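Residue numbers (the working numbering): 85 to 365.
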């Protein structure tokens with residue numbers, strides 16, 4: 085009687101998924117990379133993914149490498165933003181210095197918003213919740229643990245499961261990026277113009293929801309601009325965090341003629357805040 089082989093370990097499944105991602109990445113980068121240039125964006129993105137790969141393996145043995153993994157994931161999304169020309173939208177000036185608003189969840193939402201517009205479809209990448217889980221793990225277990233860490237710092241099963249899901253999510257990100265790069269020039273330019281600053285509408289993502297109030301980060305405003313405050317009377321549906329929406333908005337003022345800290349939606353012809361993919365643009 086033959087014995088069935090043992091199921092693959094978490095580490096083996098992660099290695100298999102990493103290999104799959106790098107095969108996809110090679111198909112995108114190799115035709116475009118300029119190996120003679122130290123400033124080539126495709127070379128940088130390839131390196132960033134390599135750093136994520138190495139820090140993933142390092143996290144197998146030492147959970148404290150999670151912090152480095154998180155940083156390298158930020159670089160991946162910043163690299164994609166740089167390649168597509170919207171990295172400046174993630175920047176704001178703080179104390180006279182330029183700061184990137186590039187926590188992994190936020191940077192992914194920018195990528196999702198951009199991809200939704202360029203591909204003109206709802207972008208549903210599986211397992212992206214693992215990016216948020218990684219941030220929570222880093223905060224709760226590494227940066228601000230409730231108890232002093234044990235000398236045994238090996239990765240726990242929760243972390244290993246998250247690592248596999250993260251690489252599954254990265255596969256979706258790579259495939260989506262590749263589809264954008266495969267657009268013909270006319271389609272690309274037509275879709276890209278929708279994100280210009282000179283429109284009377286805003287395209288953005290729901291940054292966070294607090295009870296009956298939500299806030300939209302607008303591509304047109306960028307992180308340096310004002311968010312848009314939304315309430316039930318302004319929406320066709322009440323969106324979830326991360327949803328990509330389209331709306332009109334304006335600056336309104338209080339009774340002292342001082343501007344509110346956020347923009348206010350404008351309802352014209354019953355056009356409320358709605359999902360971008362359900363708009364007629």
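Glycine is no exception: its CB is placed at the ideal position from the N, C-alpha and C atoms. Nothing here was measured: the structure is a model prediction, and the numbers come from that model.
Counting only the same chain and skipping the five closest in sequence on each side, list residues whose C-beta sits under 6 Å from that of residue 159.
-> Result list for residue 159: 132, in chain order.
If you draw a straight line from the alpha carbon of residue 230 to that of residue 119, how long is it in whole angstroms?
-> Taking the straight line joining both Cα atoms gives about 46 Å.
Buried versus exposed, by CB contacts within 10 Å (16 or more), residue 134 | Burial call: exposed.
Mind the definition here: the stretch 137-153 touches the stretch 289-301 only if three or more C-beta pairs lie below 8 Å; say whether that holds.
-> Cβ pair count under 8 Å is below three, so no.
Going by Cα to Cα distance, which pick from 162, 104, 301 is closest to residue 191?
-> Looking at the Cα atoms, 162 is the closest of the given residues.
Since residue 140 is in the alpha helix (DSSP H), which residue starts that stretch and which ends it?
-> Its alpha helix (DSSP H) spans residues 125-145.
Can you give, in chain order, each stretch of the alpha helix (DSSP H) that sits fully within the stretch 233-299 and has at least 4 residues?
-> Within the stretch 233-299, the runs of alpha helix (DSSP H) that reach at least 4 residues and sit entirely inside it are, in chain order, 241-265, 269-276.
In whole angstroms, what separates the C-alpha of residue 193 from that of residue 326?
-> If I take the Cα positions, the gap works out to 6 Å.
Should the stretch 201-209 be called in touch with the stretch 335-344, which here means at least 3 C-beta pairs below 8 Å?
-> The stretch 201-209 makes no contact with the stretch 335-344: fewer than 3 CB pairs, one atom from each, lie closer than 8 Å.
Keeping to the same chain, check which residues put their C-beta closer than 8 Å to that of residue 94; ignore five residues upstream and five downstream.
-> Non-local C-beta neighbours of residue 94 in its own chain, meaning closer than 8 Å and more than five positions away in sequence, comprise 241, 244, 245, 247, 248, ordered along the chain.
In terms of alpha-carbon separation, which member of 304, 294, 310 lies closest to residue 316?
-> Closest option to residue 316, judged by alpha-carbon separation, among 304, 294, 310: 294.
Nearest to residue 256 (by Cα), restricted to the options 211, 228, 222, 216 | Closest option to residue 256, judged by alpha-carbon separation, among 211, 228, 222, 216: 211.
Could you pull out every residue in the same chain whose Cβ sits closer than 8 Å to the Cβ of residue 85, ignoring the five residues on either side in sequence?
-> Its pLDDT being 47, under 50, residue 85 is placed unreliably by the model, and the measurement read from it follows with that caveat. Result list for residue 85: empty, nothing under 8 Å.
State buried or exposed for residue 252, treating a residue as buried only when at least 16 other CB atoms are found within 10 Å of its CB.
-> Buried.
Can you check whether the CB of residue 104 is closer than 8 Å to the CB of residue 307?
-> Against a cut-off of 8 Å, the Cβ pair of residue 104 and residue 307 comes out as no contact.
Please name the residue or residues paired with residue 347 in a DSSP beta bridge.
-> Here residue 347 is bridged, per DSSP, to 312.
What's the call for residue 91, buried or exposed, on a 16-neighbour Cβ count within 10 Å?
-> Around the beta carbon of residue 91, fewer than 16 other beta carbons lie within 10 angstroms, which makes this residue exposed.
Residue ranges of each alpha helix (DSSP H) run of no fewer than 4 residues wholly in the stretch 147-203, ordered along the chain?
-> Taking 4 residues as the shortest admissible run, the stretch 147-203 contains the following complete alpha helix (DSSP H) segments, listed from N- to C-terminal end: 150-168, 188-203.
Reducing DSSP to helix, strand and coil, say where residue 214 ends up.
-> Helix, per DSSP.
Same chain, Cβ closer than 7 Å to residue 214, neighbours up to 5 away in sequence not counted = Sequence-distant partners of residue 214 (beyond 5 residues in either direction) whose C-beta falls short of 7 Å from its own C-beta, in its chain, are 246, 249, 250, 253.
Indicate the three-state DSSP secondary structure (helix, strand or coil) for residue 330 in the structure shown.
-> In the three-state scheme derived from DSSP, where H, G and I count as helix and E and B as strand, residue 330 is classed as strand.
Cβ-Cβ distance between residue 116 and residue 201 below 8 Å = Taking 8 Å as the Cβ cut-off, residue 116 and residue 201 do not qualify as a contacting pair.
Contacts around residue 348, its chain only, beta-carbon distance under 7 Å, and the 5 residues preceding and following it disregarded | Around residue 348, the same chain offers 313, 333, 334, 336 as residues with beta carbons nearer than 7 Å, after the five sequence neighbours per side are excluded.
Residue from 149, 141, 264, 354 with nearest C-alpha to residue 227 = Put simply, of 149, 141, 264, 354 the residue whose alpha carbon is nearest the alpha carbon of residue 227 is 149.
Cβ of residue 300 within 8 Å of Cβ of residue 196?
-> The beta carbons of residue 300 and residue 196 sit no closer together than 8 Å.
Nearest-angstrom Cα distance between residue 169 and residue 303?
-> One C-alpha to the other measures close to 12 Å.
Quick one: using the 10 Å Cβ neighbour count with 16 as the cut-off for buried, is residue 298 buried or exposed?
-> Here residue 298 is buried. Its C-beta has 16 or more other C-beta atoms within 10 Å.
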